[in-house]
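To keep things clear, I will list the structure first and then write my remarks on it.
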Amino acid sequence: MPSSVIKYFSYDVAAKVLKIIFVTNMIYLYKNVPEKMYKMLKASGSKGRYFNRYIKDKFEFQKLEEDK
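Final position of the sequence shown in the working numbering is 132; the numbers increase by one with none missing.
Set out below in structure tokens:
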């Protein structure tokens, strides 16, 4: 199901980094995210709700430049 908040996300298993591009084109890298959490996000019916409940404000992050 498409998310109204998250445009795209990917996960780097080796680095444990979750990359999220929001519909606003803001890009965030969330660090030390367990692979299980990525898989749960992927399987979630509501990506935005899962993100808000289990990832947002729970992991250190780095904000990158906007995706043009």
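C-beta: ideal position from N, C-alpha, C; glycine also.
For a cut-off of 8 angstroms, the C-beta gap from GLY112 to SER67 is around 5 angstroms, short enough to register as a contact. Check the Cα spacing between PHE115 and each of VAL97, GLU129, LYS127 and LEU128: the tightest is with VAL97. When rounded, the separation of the alpha-carbon atoms in MET104 and ILE91 is 20 angstroms. The three-state reading of DSSP puts LYS95 in strand, counting E and B together. Per the DSSP secondary-structure output, ILE119 pairs with nothing in a beta bridge.
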